[in-house]
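Comments concern the structure below.
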Amino acid sequence: MISRQDVARAFSQAAGQYDAYALIQQRLATRLLASLPAGSPEQVLDLGCGTGYCLPSLQQHYPCAHINALDIAPGMLAFAAERYGDQFTWLCADAEQTPLADNSMDLVFSNLAVQWCASFSAMLAEIKRILRPGGQFIFTTLAEGTLAELRQAWAEVDDTIHVHSFPTEQVLVMQARDSGLRLNDVQCFDDIAWYQDVRALSDSLKRVGAHNMQHQHGGLGGRARLKAWMQAMESFRTPAGLPARYRVVQFQLEKVSG
Ligand SMILES: C[S@@+](CC[C@H](N)C(=O)[O-])C[C@H]1O[C@@H](n2cnc3c(N)ncnc32)[C@H](O)[C@@H]1O
Numbered sequence: 003m004i005s006r007q008d009v010a011r012a013f014s015q016a017a018g019q020y021d022a023y024a025l026i027q028q029r030l031a032t033r034l035l036a037s038l039p040a041g042s043p044e045q046v047l048d049l050g051c052g053t054g055y056c057l058p059s060l061q062q063h064y065p066c067a068h069i070n071a072l073d074i075a076p077g078m079l080a081f082a083a084e085r086y087g088d089q090f091t092w093l094c095a096d097a098e099q100t101p102l103a104d105n106s107m108d109l110v111f112s113n114l115a116v117q118w119c120a121s122f123s124a125m126l127a128e129i130k131r132i133l134r135p136g137g138q139f140i141f142t143t144l145a146e147g148t149l150a151e152l153r154q155a156w157a158e159v160d161d162t163i164h165v166h167s168f169p170t171e172q173v174l175v176m177q178a179r180d181s182g183l184r185l186n187d188v189q190c191f192d193d194i195a196w197y198q199d200v201r202a203l204s205d206s207l208k209r210v211g212a213h214n215m216q217h218q219h220g221g222l223g224g225r226a227r228l229k230a231w232m233q234a235m236e237s238f239r240t241p242a243g244l245p246a247r248y249r250v251v252q253f254q255l256e257k258v259s260g
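If you want the numbering used here, it's the 1-based position in the sequence shown plus 2.
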């Protein structure tokens, strides 16, 4: 398991260059923002707000709402706060243990953040606690199949774990159903970023903070193994380039009772 400190450090280090490389994250954010529910929530939370990419859109969609932005990485929050100032409330905290009061949020929004939580169930319990009855939680997360080609290429080289493991979509859906929140909608789909070569792919993961989580044990494992991995990756090349696959699960949950 990845420690909270490692997650916070990796994303803090990535803050300065994150937006320039987070094209897939932005594409998925646009899709998630297009699914925002109608209504006029008073208190909105962006959980794992990163550099604050989604905040202006959230405010535009809900002009009367107060937007709270939470992230575990101080470097991300500092970057976002520098950019947007005090129009939003900044909270440095773990999504599994927020400083927010019971029944205080009308809408919780989160794009590609909760896959880094230590426990998906504990995070859902926390969101259930802070949502008002009738409040909604709309978010994307990642499931098994994410970076499948990288994992497969490494499997041809050694039996060390190099790529972070993600739960299956069935497990995620089951845990969402067990959370006590009502499952209004779930969509599972692949999104793929294409790269001209392995270096560009690895570099891009590093720039969005996912690199440290990619190689969990044993580092890159020497030049020969890295070369073997690069060769194995070539078997996945298409005319579009080499794939970094994201298996995305988009949820819409609702708190129906206290
Ligand atoms: C891939 S970025 C996405 C940022 C933003 N939501 C976007 O769409 O651009 C993931 C963010 O989640 C944050 N994060 C990861 N684990 C977290 C946790 N347990 N609690 C709060 N934030 C977390 C990271 O620090 C990072 O800023």
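Even for Gly, the Cβ is constructed at its ideal location relative to N, Cα and C. What you are looking at is a predicted structure, and each value in this text was computed from that prediction instead of being measured.
- In this structure, the C-beta of R249 stays at least 7 Å away from each heavy atom of ligand 1.
- The C-beta of L25 has fewer than 16 other C-beta atoms within 10 Å across all chains shown, which makes the residue exposed.
- In this structure, DSSP gives E256 an extended state, which the three-state scheme calls strand.
- In this structure, ligand 1 has a non-hydrogen atom nearer than 7 Å to the beta-carbon of V210.
- For T240, the secondary structure class from DSSP, reduced to helix, strand or coil, is strand.
- Where V175 is concerned, the enclosing alpha helix (DSSP H) starts and stops at 171-179.
- Under DSSP, V110 forms a beta bridge with L47, F139.
- The residue among I129, I163, T143 with its C-alpha nearest the C-alpha of Q117 is T143.
- Excluding residues up to 5 positions away in sequence, A145, E146 lie with their Cβ nearer than 7 Å to the Cβ of T170 in the same chain.
- The C-alpha of V251 is placed about 15 Å away from the C-alpha of S123.
- Under DSSP, T91 takes part in a beta bridge, and its partners are N70.
- Checking the 7 Å criterion, the Cβ of V9 is within range of a heavy atom belonging to ligand 1.
- Close CB contacts of P43 within its chain, under the 7 Å cut and outside five residues either way in sequence, are with Y64, A67, D108, L109 (chain order).
- Approximately 5 Å separates the beta-carbon atoms of V258 and R184; this is inside 8 Å, confirming the contact.
- Distances between the C-beta of M78 and the heavy atoms of ligand 1 include at least one below 7 Å.
- In the three-state scheme derived from DSSP, where H, G and I count as helix and E and B as strand, L149 is classed as coil.
- Residue side-chain check: A83 keeps its Cβ at 7 Å or more from all non-hydrogen atoms of ligand 1.
- Judged by DSSP secondary structure, A80 falls within the alpha helix (DSSP H) whose first and last residues are 76-86.
- For V9, the enclosing alpha helix (DSSP H) begins and ends at 6-23.
- The bridge partners DSSP lists for Y197 are L244.
- Assigned with DSSP and collapsed to three states, V116 falls in helix.
- According to the DSSP assignment, P58 belongs to the alpha helix (DSSP H) that extends over 57-63.
- In the assembly as shown, R179 is an exposed residue. Its beta-carbon has fewer than 16 other beta-carbons within 10 Å.
- When secondary structure is reduced to three states using DSSP, D187 falls in the strand class.
- When secondary structure is reduced to three states using DSSP, D104 falls in the coil class, being assigned neither helix nor strand.
- Under the DSSP assignment, I129 falls in the alpha helix (DSSP H) whose first and last residues are 122-132.
- Cβ contact annotation for D21 (same chain, cutoff 6 Å, sequence separation greater than five): T53, in chain order.
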